[in-house]
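So that you can map any letter, position 344 of the sequence shown is 352 in our numbering, and since no number is skipped, the others follow by simple counting.
Backbone N, C-alpha and C define an ideal beta-carbon position, used for all residues, glycine too.
Okay, structure first, notes after.
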Amino acid sequence: MKKITSLLALVFLLFTAAMQAQGTIRGTVVDGENNTPLPGVNVVVNGTTNGVTTDFDGLFEIQVAKNTGALRVSYVGFAPLTVNFDVTGKKVVDLGTINLKMDSDALDEVIVKAYSLAIDRKTPVAVSTIKAETIENELGSQEFPEILKTTPGVYVTRGGGGFGDAELRIRGFNSQNVAVMINGIPVNDMENGNVYWSNWAGLADVTSSMQVQRGLGAAMIGLPSIGGTVNIVTKSTDIAAGGNVMMTTGNDGYTKYGFTISTGLLDSGWAATASLSRTTGEQFVDGTTIDAYSYFLNVAKKINENHELSFTAFGAPQRHGQRQNRLLIDDYRVSDRGIRTNTDYGYKNGQILNHEDNFYHKPQMSLNHYWTINEISSLTTSVYASYGTGGGGGTAGLNKFGKYDTNYRDEPFAPVNFDQIVAENKALGAAASAETFLRASINNHQWYGALSTYNTELSEYIDLSAGVDIRFYKGDHSTELTDLLGASFYIDNNDVNNPNKVVKEGDTYNYNDSGYTNWGGLFAQAEYNKDKISAVLSVAGNNTSYKREDYFKYTPEDPLRETDWVNFTAFSTKGGLNYRLDSKNNVFANIGYFERAPFSDAVFINNTNITNENAENQKIFSAELGYGFRSDKFRADLNVYRTKWMDRTYTISRTADNIQYTANILGVDALH
9 MKKITSLLAL VFLLFTAAMQ AQGTIRGTVV DGENNTPLPG VNVVVNGTTN GVTTDFDGLF
69 EIQVAKNTGA LRVSYVGFAP LTVNFDVTGK KVVDLGTINL KMDSDALDEV IVKAYSLAID
129 RKTPVAVSTI KAETIENELG SQEFPEILKT TPGVYVTRGG GGFGDAELRI RGFNSQNVAV
189 MINGIPVNDM ENGNVYWSNW AGLADVTSSM QVQRGLGAAM IGLPSIGGTV NIVTKSTDIA
249 AGGNVMMTTG NDGYTKYGFT ISTGLLDSGW AATASLSRTT GEQFVDGTTI DAYSYFLNVA
309 KKINENHELS FTAFGAPQRH GQRQNRLLID DYRVSDRGIR TNTDYGYKNG QILNHEDNFY
369 HKPQMSLNHY WTINEISSLT TSVYASYGTG GGGGTAGLNK FGKYDTNYRD EPFAPVNFDQ
429 IVAENKALGA AASAETFLRA SINNHQWYGA LSTYNTELSE YIDLSAGVDI RFYKGDHSTE
489 LTDLLGASFY IDNNDVNNPN KVVKEGDTYN YNDSGYTNWG GLFAQAEYNK DKISAVLSVA
549 GNNTSYKRED YFKYTPEDPL RETDWVNFTA FSTKGGLNYR LDSKNNVFAN IGYFERAPFS
609 DAVFINNTNI TNENAENQKI FSAELGYGFR SDKFRADLNV YRTKWMDRTY TISRTADNIQ
669 YTANILGVDA LH
């Protein structure tokens with residue numbers, strides 16, 4: 009009886025397998041313009057989730073469960089193509105060569121969304137692209153930029169180990185010198201160039217592709233970056249209808265759950281994608297608690313064949329504990345917690361209290377318009393706005409947080425005993441100023457911008473792009489007293505308009521100022537592509553204007569209270585050539601020179617309204633040679649580059665006896 013049952017089960021499995029795999033379809037996808045194989049093209053059976061991607065030679069092979077149907081072939085920057093198939097009575101069907109044509113709408117969307125996405129073996133830059141499938145399969149509970157840690161020339165670290173505190177470097181350049189773009193919009197801080205990945209938590213759930221361009225890159229905004237460019241393209245009308253619900257768990261109570269849903273492109277021309285998630289728990293490092301949300305919404309409307317609108321909004325309100333103060337290797341060896349040791353948190357009333365933490369919410373909204381003017385010309389425009397609120401926590405007053413201080417820790421490196429600090433503050437009496445307390449450095453901002461690019465074909469082999477990049481930014485900086493730790497008030501003397509100010513929880517003290525940054529840039533780029541040769545030449549110019557207003561250091565009548573605008577005009581140019589030796593080998597070279605305005609903290613001396621007359625543009629010269637090899641089983645790249653960085657600025661601040669001192673170091677040269 010068991011043998012009969014087993015035989016029936018085997019027959020059922022074979023029948024099911026036969027029903028699920030009616031045949032095999034093969035094909036090769038190429039660029040219809042130059043017949044170059046396209047790797048990473050999505051090939052999906054219509055109406056299903058069954059799909060594959062092409063290899064480095066553009067080849068694909070997919071199993072189909074029905075005799076007839078259609079394949080949807082799509083690749084960013086190209087018009088999607090539907091190919092019918094019929095495998096009736098056949099085991100294998102070869103569709104031959106499938107030519108994808110560059111679509112003006114799709115290409116424009118790439119230019120706006122992806123900050124000029126480079127095409128492998130065509131654009132003369134060192135480039136690596138990470139697709140959505142890789143992110144979904146390999147990211148897990150890692151920080152978003154950690155998906156890039158195996159990318160050549162890229163170094164990613166989690167920093168202190170807090171949620172979203174990852175740091176990214178390309179060719180030795182930190183995030184201040186790496187342009188990060190989300191849907192064509194720059195997200196580097198306008199005042200200091202930093203990138204805070206905690207602001208974009210959850211973005212991995214809706215990323216369509218992520219590309220790293222090392223070196224000069226194919227950037228087409230008013231100012232290229234020094235180290236490279238990270239282009240993040242989120243899902244829009246290219247995503248199929250459907251959705252998912254997910255939940256991820258890990259050690260230390262780490263939990264993330266959420267959903268993503270999309271309508272796909274409807275017959276009415278509308279498409280919408282929404283995503284929502286929440287992350288709680290703790291990171292590997294002690295005391296790095298997490299409470300974070302993320303949301304994403306894209307609504308697009310294809311008005312007609314010539315016009316399309318796309319609205320995107322996303323953000324990630326969060327609060328997380330940090331490990332800001334570094335320890336020595338010997339400290340980790342001595343501590344019972346090893347490399348998980350964190351001296352930047354403690355306990356108050358039995359609850360974890362982080363005296364070093366980060367809390368922020370930076371929603372960003374953008375509206376993109378894609379206009380196909382005619383068969384050879386198009387115009388794309390993005391307008392956007394971002395509003396940031398929040399800051400980072402820290403300590404103030406008498407330092408009772410030393411890592412070896414056993415007066416406030418049970419032992420060296422142990423969590424801080426905040427209850428003892430509270431008791432000492434209370435013992436001073438209700439009429440005494442707080443001895444030790446917690447504060448937060450607040451950095452709120454409003455950021456508005458517009459980016460518009462015109463594209464046209466000058467001839468069969470030459471394309472021209474030109475555009476404008478405009479940004480307006482205001483950052484409000486202050487210190488907020490967040491926890492008096494048992495005291496009733498604190499006396500502050502840093503506001504000349506209110507000496508001996510009585511400060512309570514929630515009040516502003518220490519400093520209070522605003523920084524303004526206006527940016528205007530023009531750019532143009534010509535591209536040549538014929539047979540085995542492709543070349544790029546671009547020029548750009550921009551003007552950066554800074555102004556500062558200080559509400560504590562100066563009275564309203566003081567002419568120094570608000571500075572005049574300080575302007576820095578910069579110019580850049582770059583060019584590159586790529587030569588495809590054959591279907592597998594290519595070589596390229598690029599060279600460029602550009603200037604960049606110093607950051608605002610180098611323009612105004614020691615956080616005052618005194619202008620640094622010696623501040624000047626930084627100058628960068630870079631050259632690179634590269635070789636690439638592609639096959640279906642192997643990929644290799646070899647790059648040699650030299651970047652000379654002249655008149656670099658350093659701004660370093662240190663605090664002693666509760667007084668902050670800042671040094672502006674100018675004229676530094678560096679070689680990468």
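Measuring CA to CA, which of the options is closest to residue i?
| i | options | result |
| --- | --- | --- |
| F612 | P132, L674 and H369 | L674 |
| G600 | S553, R179 and Y649 | Y649 |
| L224 | S467, V544 and N672 | V544 |
| N333 | Y412, E313, L274 and S318 | Y412 |
| K243 | D365, L273, E535 and L436 | L273 |
| N191 | M218, D213, A87 and P423 | M218 |
| T388 | S318, E199 and G514 | S318 |
| P564 | D275, N207 and D503 | D503 |
| T257 | G236, S233 and Q291 | Q291 |
| N425 | H363, F579, N452 and S486 | H363 |
| N614 | Y395, L585, T659 and L589 | T659 |
| N647 | F68, Y83, S136 and S82 | S136 |
So is residue i in contact with chain B if we call contact Cβ pairs under 8 Å?
| i | result |
| --- | --- |
| E364 | In the structure shown, chain B does not exist; there is a single protein chain. |
Measure the alpha-carbon distance for residue i versus residue j and round it to whole angstroms.
| i | j | result |
| --- | --- | --- |
| G323 | D299 | 14 Å |
| Y524 | K370 | 18 Å |
| T165 | G59 | 33 Å |
| D50 | F642 | Checking the displayed sequence, the identity of residue 50 turns out to be Asn instead of Asp. Their backbone Cα atoms lie some 20 Å apart in a straight line. |
| D338 | D65 | 51 Å |
| N107 | Q30 | 26 Å |
| R341 | I347 | 8 Å |
| F93 | T159 | 37 Å |
| L115 | L375 | Below a pLDDT of 50, predicted positions are generally treated as unreliable, and L115, at 38, falls in that range; the measurement from the model is reported next regardless. Near 17 Å, if we compare the C-alpha coordinates of L375 and L115. |
| D609 | K482 | 14 Å |
| M654 | I628 | 6 Å |
| D102 | A644 | 29 Å |
| R331 | N350 | 6 Å |
| F20 | A248 | The predicted position of F20 is uncertain, since its pLDDT is 41 and thus under 50; no value can be drawn from it. |
| N239 | A209 | 16 Å |
| F497 | E141 | 54 Å |
| T271 | L79 | 19 Å |
| N479 | L89 | Note that residue 479 is Arg in the sequence shown here, rather than Asn. Rounded to the nearest angstrom, the two C-alpha atoms are 37 Å apart. |
| R34 | K99 | 11 Å |
| N593 | F421 | 55 Å |
| V186 | R177 | 8 Å |
| A438 | I499 | 13 Å |
| A605 | S591 | 42 Å |
| E570 | Y378 | 41 Å |
| H453 | N75 | 58 Å |
| N681 | S216 | The structure shown does not extend to residue 681, since the chain is modelled only from 9 through 680, so no value can be given for it. |
Report the partner residues of residue i according to the DSSP bridge assignment.
| i | result |
| --- | --- |
| G104 | None; G104 has no bridge partner. |
| H315 | W379 |
| E570 | E557 |
| F171 | Paired residues: none, contrary to the question. |
| I33 | I70 and V101 |
| S546 | Q533 and K582 |
| V7 | Outside the modelled stretch of the chain, which goes from 9 to 680, sits residue 7, for which no answer is possible. |
| K139 | S217 |
| L679 | K652 |
| A279 | A308 |
| R447 | G402 and L489 |
| N672 | T659 |
| R341 | Beta-bridge pairing links R341 to no other residue. |
At a threshold of 7 Å, does residue i count as lining the ligand NAP (C-beta to nearest heavy atom)?
| i | result |
| --- | --- |
| I381 | Looking for the ligand NAP in the displayed structure turns up nothing, as the structure carries no ligands at all. |
Handout entry: Completely contained beta strand (DSSP E) runs for the stretch 354-435, where each covers 3 or more residues
Key = 359-362, 365-369, 372-380 and 385-405
Exercise for the section: Determine contact between the stretch 246-263 and the stretch 280-296, defined as no fewer than three beta-carbon pairs at a distance below 8 Å. Expected result: yes
Practice task
At 3 residues or longer, and completely inside the stretch 619-648: list those beta strand (DSSP E) runs for me, N to C.
Solution key: 626-638
Practice task
Please list the segments of the beta strand (DSSP E) lying wholly inside the stretch 61-86, counting only runs of 3 or more residues, in order along the chain.
Solution key: 67-72 and 76-82
Practice task
Pair every Cβ in the stretch 622-635 with every Cβ in the stretch 168-176, then say whether three or more of these pairs are closer than 8 Å.
Solution key: no
Practice task
Could you name each continuous beta strand (DSSP E) segment of 3 residues or more that falls completely within the stretch 284-334, going from the start of the chain to the end?
Solution key: 297-310, 315-323 and 326-329
Exercise for the section: Inspect the CB distances between the stretch 543-560 and the stretch 487-494 and report whether three or more fall short of 8 Å. Expected result: Too few Cβ pairs lie closer than 8 Å, so no.
Practice task
Please determine if the stretch 504-511 and the stretch 530-545 are in contact, where contact requires at least 3 C-beta pairs separated by less than 8 Å.
Solution key: Counting Cβ pairs under 8 Å, fewer than three are found: no touch.
Exercise for the section: Please determine if the stretch 352-367 and the stretch 412-429 are in contact, where contact requires at least 3 C-beta pairs separated by less than 8 Å. Expected result: yes
Practice task
Mind the definition here: the stretch 402-418 touches the stretch 435-444 only if three or more C-beta pairs lie below 8 Å; say whether that holds.
Solution key: Yes: the two stretches touch, three or more of their Cβ pairs being nearer than 8 Å.
Exercise for the section: Kindly provide the ranges of any beta strand (DSSP E) runs that are 3 or more residues long and lie completely inside the stretch 241-276, ordered along the chain. Expected result: For the stretch 241-276, whole beta strand (DSSP E) runs of length 3 or above, ordered along the chain, are 250-257 and 263-270.
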